[in-house]
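Chains as they are written, first to last, in my numbering: chain A, 1 to 161; chain B, 1001 to 1127. Idealized CB from N, CA, C, for every residue including glycine. Following: one structure in structure tokens, then a few remarks.
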């Protein structure tokens, strides 16, 4: 369902990229987890302690991350594998990394020119919340907040100009 | 007739999803081999004959494009259809994969129906 309107990569303002990022995320959850996401009015960020990150290089440079609670990451794994939540084991990091990778790939494929001109790094997954991510001073940050089965997930894109 | 499938992806979660999608597509499998990269897949094919290969493109050690480039020299992979499954949507990669002998191409995220649409025709042509 990679049907987003193609947007030019050179579009300087990135004005509709947040909408494309949200669409890309929703498609991944609907297709791979059979689980539609909802938009939160507010969300509890205190338990957000698992982060998956994928680097982008080429025509678009930056970092895309998916941040959520351990509970949300385990539930994603359960739905991706089709197993009961209590049967989920160490594959949680792999599953969240794949979600991040698919969101990044689906997002860039919606922007004309990026499918060819932008490469993705393998995903990295961090557990814990006591860290800070420093980007280049000229970077632009986009953030999309959605609810997955009532649990907050935050998708961020840091774009280096 | 049940088939023997080889699933190549550096994510063990994705390998399980692909296996489940094949089952949901109604494809009976007598044996499923898994490999984390192209080099591991070649090692599997040294010892085992398969009927279908599903392969990611971006993998460490040996990526999917290099793997399918080496398949013509592998006895157990002769006339075995290969369907690429990848996050990358690059037209150049699709063309390269097809020119190296891939029979189909599935882009992640995907549904079991999309897997069925790609896999059934290549299996029907072979079995």
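Just to confirm, is the Cβ distance from residue 1052 (chain B) to residue 1093 (chain B) under 9 Å? Position 52 of the second chain, counting from 1, holds the residue named residue 1052 (chain B). Position 93 of the second chain, counting from 1, holds the residue named residue 1093 (chain B). Cβ distance not < 9 Å, so residue 1052 (chain B) and residue 1093 (chain B) don't count as in contact.
Rounded to whole angstroms, what is the Cα-Cα separation between residue 147 (chain A) and residue 34 (chain A)? The count along the first chain starts at 1 and reaches residue 147 (chain A) at position 147. The count along the first chain starts at 1 and reaches residue 34 (chain A) at position 34. Residue 147 (chain A) and residue 34 (chain A): Cα-Cα distance of roughly 14 Å.
Please confirm whether residue 53 (chain A) has its beta-carbon closer than 9 Å to some beta-carbon of chain B. The sequence position of residue 53 (chain A) within the first chain is 53, counting from 1. Output row for residue 53 (chain A): interface = no.
May I ask which residues mark the beginning and end of the alpha helix (DSSP H) holding residue 1001 (chain B)? Along the second chain, one-based indexing puts residue 1001 (chain B) at 1. Unbroken run through residue 1001 (chain B): none, as it is neither H nor E.
Roughly how many angstroms lie between the CA atoms of residue 177 (chain A) and residue 1116 (chain B), to the nearest whole one? What the structure shows of chain A is the stretch from 1 to 161, and residue 177 (chain A) is not part of that stretch, so it cannot be assessed.
Amino acids of chain A, ordered along the chain, whose beta-carbon sits closer than 7 Å to that of residue 1014 (chain B): Looking up residue 1014 (chain B) in the second chain gives position 14. Result: 98.
Please confirm whether residue 1033 (chain B) and residue 1077 (chain B) have their CB atoms less than 9 Å apart. Here residue 1033 (chain B) corresponds to residue number 33 of the second chain, with the count starting at 1. Here residue 1077 (chain B) corresponds to residue number 77 of the second chain, with the count starting at 1. For residue 1033 (chain B) and residue 1077 (chain B), no; Cβs fall outside 9 Å.
The ligand MN and residue 1069 (chain B): does any heavy atom of the ligand fall closer than 8 Å to the residue's C-beta? No copy of the ligand MN appears in this structure; indeed no ligand is present at all.
Residue of B:1027, B:1055, B:1039 minimising C-alpha distance to residue 1098 (chain B): Along the second chain, read from residue 1 onward, the residue named residue 1098 (chain B) stands at position 98. Between residue 1098 (chain B) and the set B:1027, B:1055, B:1039, the nearest pair of CA atoms involves B:1055.
Within 10 Å of its beta-carbon, does residue 90 (chain A) have 16 or more other beta-carbons around it, so buried, or fewer, so exposed? Here the question's residue 90 (chain A) lines up with position 90 in the first chain. That one is exposed.
Just to make sure I have the definition right: I need the residues of chain B whose C-beta is within less than 8 Å of the C-beta of residue 116 (chain A). Which are they? As a working note, residue 116 (chain A) is residue 116 in the first chain. 1090, 1091, 1092, listed in chain order.
Does residue 105 (chain A) have its Cβ less than 9 Å from a Cβ in chain B? Counting from one through the first chain, the residue named residue 105 (chain A) turns up at place 105. So, interface residue.
Integer-rounded CB distance, given that residue 51 (chain A) should sit under 8 Å from residue 163 (chain A): Because residue 163 (chain A) is not part of the residues shown, which for chain A are 1 to 161, the question remains open.
Give me whichever residues DSSP pairs with residue 146 (chain A) in a beta bridge. To locate residue 146 (chain A), count along the first chain from 1; it is residue 146. According to DSSP, residue 146 (chain A) bridges with A:153.
Report yes if the CB atom of residue 65 (chain A) is closer than 9 Å to the CB atom of residue 157 (chain A), and no otherwise. The residue you call residue 65 (chain A) lines up with position 65 of the first chain. The residue you call residue 157 (chain A) lines up with position 157 of the first chain. Yes; because the gap between Cβ atoms is below 9 Å, this pair is in contact.
Helix, strand or coil, according to DSSP, for residue 31 (chain A) in the structure here? On the first chain, residue 31 (chain A) is found 31 positions in, with the first residue counted as 1. DSSP places residue 31 (chain A) in helix when its eight states are reduced to three.
Output needed for residue 104 (chain A): all residues of its chain with C-beta closer than 7 Å, excluding positions within five of it in sequence on either side, in chain order. The residue you call residue 104 (chain A) lines up with position 104 of the first chain. In the same chain as residue 104 (chain A), and ignoring 5 residues on each side of it, the C-beta atoms closer than 7 Å to its own belong to 54, 56, 64, 120, in chain order.
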